[in-house]
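Structure, as C-alpha cells:
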Amino acid sequence: MNIRLYFYGGVEGQIGGNLILLLTNNDGLIYDFGVNFKLRKMFFEYPYVTPRSLNDLIVTGNVPDLPIYTISHNVPVSYAFISHAHVDHCGYVPLLNKSIKVYMGYMAYTIVKSKNEIRLRKTFENDFQNVNVEVFHSGREIDTSLGTIIPVHVDHSIPGSYGFISILGKRTLAYTGDFRLHGTKGYLTKDFIELATREGVTDLIIEATNTVLSHITSEKEVMEKLFQVFSESKGLIILDYSESDVDRFKSIYKAAVKAGRKVVLSPRQAYLLYMMIKQEQEFSWTKLDLPSLDDKNIMVYNSCRSRNKALKFLLKVLDQDRFVTKVELIKEPEVYVFSANFYNIEDIKSIDPPPGSVYILSSSEPFDEERELRFEKLINWLDVLGIPMYHIHASGHASPLEIRMVVEEINPEKVYIVHSENPMLMAKYLGNIAKCIAPIRGREYIL
Ligand SMILES: [Zn+2]
Ligand SMILES: [Zn+2]
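Under the numbering used here, think of the first position of the sequence shown as 842, with each following residue one higher.
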C-alpha cells in the first residue's frame, strides 16, 4: 500500500492550525483541522472583517484548497481524527464535508459541544451542531479502510487530549498531538510512548512548541507562586487563564482557598466546568477531580447581561448565593480572585480595582491555543488603571529535553516536526536519533 502524507498547517514555523492528510489510492484520513491565529489575524479582525465564505478562508491561505469541504464532491477522505479540543486543532472541523466521520475523545467533544451551546454568533465555520462526530476512549481500536487507528491519551493543558497510533500495513505512524510529561498527569503521555514503542512506530509526527526560552516549571510551583501573590496582595486579584485548563483552575482554587479568597468564575468558565463535571460523572476514564460549583469558595460572576446564554442556564441550576455582582467585588476586593481577561475589560473598568490590585496572566502569551490575546491593548489598559501584571505559568507542552526523550524511546525511522516556530532547530537537535524532517506545506511525503 502506497501511503502519502501531506501537511497543510502547523508547519513552516506555525504553532497550531494543524492539518495532516494521509492518502492511499482508495481513501484518506486527516489528523486535526485547527485555526492558526497568527495567519487569521493577518486578514481578519472580529467583528467587522470576518470570513464571509469558505472562499475567503481559501484565498487567504487559512485553509487549503482541497476537496474536503461541505460543498466538495468526490471527497477523497473518510475520517478525521481530532487530537483535542483546542481551537488550533479543531476550530475548522465544521467546514468538513458531512460524509467525513469525525472522531473525538469523550471529554474533548463535551468541551467543544458546551462551547457551541453558549455561542452567540454561529457561522458556517464555527457551528459544531451538524458535525458527524463519533466519540472514543483511550485504547479503542478503530478500524478504517487505511488500517487500525488507536487513540491513546496524553497529558496536555486541556482534558481529553490524545495522540494517535495508526497501523497502516507495513508502516506504523504515530502523531503526538500536543503533549507534555511535566504536568500533573504525565503518566498519560507515558502510556502513549509505551504503546508507540510496542507497536514499532516507523514514522513519528511530534509537536515541538517549546524551542526558545523554555521554562522548567511544574503546576505545583504555579500553585505556590499564585498563593504568594494571592496572600500578599491587598486589593483585587484579576486572573487570566485558559478557560479549559482544568489543572490551572485547580491550582488557582487551591491557592485561593489557602489564602482565604474566593474564586469568581465567568459564566462561560462556570458553564464549561459544570458540563465537564457532568460528563465525568457519566463517563470518564481519567479522573479530573474538579471541585463542584456548590463549593462555597467558588462563585459565578453575574454580569447582569441578559443575552449571556451560560449565565441564563446557571441562574436556573445554581442557588442564588453562588453569584456575585460587581457591587460585591467593589465592596470587598481583597476577598476575591476575579477570573477575567482583556475581553472583560468593561467589567474590570466598572469595578475600578483599588490601589494594590494585581493582574495575573496565567497562560502563554501573546497567543494561547484558544484565542488570540490582545496583549498590547491589555498592557495599555492596565497602565491606565494602574494595575501591575505578573506572569505565572507552566507550559502545556513538552520541553526540548522531554521531546528528545520521547523520540529516543519510540525510536522511529523518521520524525516529522510540527506545531513549532523553529522546526529546523528541532530537526537538528534530534538529528542524531532519527531522520528528522521539517515538513513543507503541501509537499508529498511517502511513508
Ligand atoms: Zn496546539
Ligand atoms: Zn493544545
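By construction, the Cβ of each residue, glycine as well, lies at the ideal position given by its N, Cα and C atoms.
It should be emphasised that the depicted structure is a prediction, and the values quoted were computed from it without experimental measurement.
8 Å Cβ cutoff met for residue i and residue j
i	j	result
Phe874	Ala921	yes
Thr1043	Glu1254	yes
Ala1181	Ile1079	yes
Gly854	Leu880	no
Pro1264	Val852	yes
Ser1085	Ile952	yes
Lys1239	Thr1058	According to the sequence provided, residue 1239 is Ala. The question's Lys does not apply to it. The answer is no: Cβ separation not under 8 Å.
Gly1237	Asp1019	yes
Lys1103	Asn1138	yes
Glu1060	Asp1088	yes
Same chain, Cβ closer than 6 Å to residue i, neighbours up to 5 away in sequence not counted
i	result
Ala1268	Ile1258, Cys1277 and Ala1279
Ala1151	Ile959, Pro1108, Arg1109 and Tyr1112
Ile1118	Leu1131
For residue j and residue i, the rounded distance between their alpha carbons
i	j	result
Thr964	Ser955	16 Å
His978	Val876	24 Å
Leu1226	Asp1160	33 Å
Leu1045	Glu1121	31 Å
Ser924	Glu1173	42 Å
Ala1037	Ala1015	7 Å
Glu1187	Leu1077	16 Å
Gly946	Gly1197	43 Å
Ser940	Asn1273	42 Å
Gly1027	Asp1136	28 Å
Ile912	Ile899	13 Å
Val976	Ser894	29 Å
His997	Tyr849	23 Å
Ser1144	Val1168	11 Å
Ser1261	Lys1157	44 Å
Lys1190	Thr985	54 Å
Leu860	Lys1075	47 Å
Gln1069	Pro892	44 Å
Coarse secondary structure for residue i, derived from DSSP in three states
i	result
Gly1027	helix
Ile1192	helix
Lys942	strand
Phe922	strand
Lys956	helix
Cys931	helix
Ala1015	strand
Glu1048	strand
Lys1066	helix
Thr989	strand
Arg1102	coil
Val1158	helix
Phe977	strand
Arg796	In the structure displayed, the chain extends from 842 to 1288; residue 796 sits before or after that span and is not available.
Supposed contact pair residue j and residue i - C-beta distance, whole angstroms, cut 8 Å
i	j	result
Val972	Val934	6 Å
Thr1017	Glu1040	Not quite, the Cβ-Cβ distance comes to about 14 Å (not below 8 Å), so this is no contact.
Leu1009	Leu987	6 Å
Sequence-distant residues of the same chain with beta carbon closer than 7 Å to residue i, five excluded per side
i	result
Ala796	Outside the shown range of the chain, which is 842 to 1288, sits residue 796, and nothing can be said about it.
Arg962	none
Pro1241	Asn1051, Thr1052, Ser1055 and Tyr1270
Val993	Ser979, Gly980, Tyr1003, Gly1004, Ile1006, Asp1032, Phe1033 and Leu1036
Leu936	Leu895, Val904, Tyr910, Thr911 and Glu966
Trp1222	Ile1186
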